[in-house]
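The opening residue of the sequence shown carries number 1 in UniProt numbering; numbering runs sequentially from there. Beta carbons are placed, not taken as given, at the ideal position from N, Cα and C, and that holds for glycine. All of these numbers come straight from a predicted model, not from anything done at the bench. Report on the following structure.
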Amino acid sequence: MITDIVMLRHGRTSMNLERRLQGQIDVPLDIIGQWQVDQSGFALAQRYYWAKVSNIAAHPDLLPHTPPQAVRDVEASEYTNAPAAARTMHVVCSDLFRAQQTAHAFADILGLDVHLDTRLRERGFGEWEGMTREEIEARWPDDFHAWKRHRGGELAHGVESRRAVGGRGAAAIRSYVHDAQARPGQETLFVVSHGSWIVATIATLMGMDIEQVSGLDGMRNAFWSRMGLETSPDGERWLLAAFNEGPQIAQYVDWENGPAELRNPDMPMWKPITA
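Here's what the structure looks like:
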């Protein structure tokens with residue numbers, strides 16, 4: 001039974017840096033994005049270390065073989081008898097490569113498999129994919145401003161609606177919850193996806209009006225949110241435990257631009273959108 005869901009956004013890409021709408025374009029992390037997901041991966045692996053113990057308990061063959069000169073064998077029972085063995089973690093990920101890189105930065109530390117799912121892809125931005133906001137505004141000013149005001153101006157250009165993204169994401173999460181009901185013990189679902197997808201999915205599961213401008217803020221690169229799930233005969237209750245949370249190091253460094261020693265001389269500085 002799934003009782004806890006973690007949703008992690010992918011790290012920075014070159015198109016993020018250029019402030020282009022990526023949508024479902026398959027673009028890898030840049031060097032700063034890889035640094036971001038490594039930092040978040042380390043922090044989350046510390047928090048969820050129990051998942052490594054649980055995975056070894058389920059697959060004792062993952063333990064190293066004891067060399068002949070060792071005075072004792074590795075004790076698999078230490079893992080199978082640990083309280084952590086009673087809980088499991090399942091890692092699922094958008095099939096776009098930037099999300100796969102992000103998922104492995106966490107899962108590989110704990111020895112967990114990553115399962116790809118096309119339902120976790122980012123919002124499709126139609127003919128606007130690959131364009132900057134300035135380029136879109138110059139070509140379609142009315143539709144651009146209607147989009148910014150959550151009035152659907154983007155829909156004329158093949159952009160997936162916020163409501164459709166949230167419905168797609170919520171349906172995927174609920175399918176994982178349904179499939180886990182028959183399995184014993186409690187599970188944590190670890191989801192690696194994209195900013196618009198995560199915000200829309202959380203809003204939908206929480207029963208929020210996804211078209212409200214005053215809804216949830218956007219997710220930062222390589223930051224995560226957590227949801228709890230309570231089920232009863234009366235139905236399900238979704239709880240938002242944390243939103244847009246990052247590793248401690250993000251409080252002390254320029255997170256969006258990364259350490260100076262990683263920035264190439266010709267790399268522009270990331271700047272926030274001010275309008």
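Exercise. Please classify A103: does DSSP put it in a helix, a strand, or coil?
Key: The count along the sequence shown starts at 1 and reaches residue 103 at position 103. Here A103 sits in helix by DSSP.
Exercise. Apply the 10 Å Cβ neighbour rule to I32 and answer buried if 16 or more other Cβ atoms are within range, or exposed otherwise.
Key: As a working note, residue 32 is residue 32 in the sequence shown. By the 10 Å Cβ count, I32 comes out buried.
Quiz prompt | Opposing strand residues paired with S196 [DSSP bridges] | solution = As a working mapping, residue 196 is identified with position 196 in the sequence shown. Answer is none; S196 lacks a bridge partner.
Self-check item: Endpoints, the beta strand (DSSP E) within which T231 is located
Solution: One-based indexing of the sequence shown puts residue 231 at position 231. Where T231 is concerned, the enclosing beta strand (DSSP E) stretches over 224-232.
Quiz item: Is the segment 124-134 touching the segment 60-79, taking contact as three or more C-beta pairs under 8 Å?
Solution: no
Exercise. Kindly indicate which three-state DSSP category A241 falls into: helix, strand or coil?
Key: Counting from 1 along the sequence shown, the entry for residue 241 is found at position 241. Strand at A241.
Quiz item: Looking at C-alpha atoms only, which residue of S94, H10, R9, S40 is the closest neighbour of Q251?
Solution: Counted from its first residue, the sequence shown places residue 251 at position 251. Cα-wise, what sits closest to Q251 is S40.
Quiz item: Among the residues of its own chain, which have a CB less than 7 Å from the CB of S14, if the five just before and after it don't count?
Solution: Taking the sequence shown and counting its residues from 1, the one referred to as residue 14 is at position 14. Only V27, D30 meet the Cβ criterion.
Quiz item: Taking three-plus beta-carbon pairs below 8 Å as touching, is the segment 181-197 in contact with the segment 92-108?
Solution: yes
Self-check item: Closest Cα partner of residue 276 within the set W140, Q34, V114
Solution: Here the chain comprises residues numbered 1 to 275, so residue 276 is not present and cannot be evaluated.
Self-check item: Cβ-based neighbour list, H115, same chain, cut-off 8 Å, excluding 5 preceding and 5 following
Solution: Counted from its first residue, the sequence shown places residue 115 at position 115. Here the set comprises H90, V91, V92, C93.
Quiz item: Going by other Cβ atoms of all chains shown within 10 Å of its Cβ, with 16 needed for buried, is E122 buried or exposed?
Solution: For the purposes of this step, residue 122 is taken as the residue at position 122 of the sequence shown. Looking at its Cβ environment, which holds 16 or more other Cβ atoms inside 10 Å, E122 is buried.
Quiz item: Can the beta-carbon of G166 be found closer than 8 Å to that of T201?
Solution: Within the sequence shown, numbered from 1, the residue matching residue 166 stands at position 166. Within the sequence shown, numbered from 1, the residue matching residue 201 stands at position 201. Contact flag set, yes.
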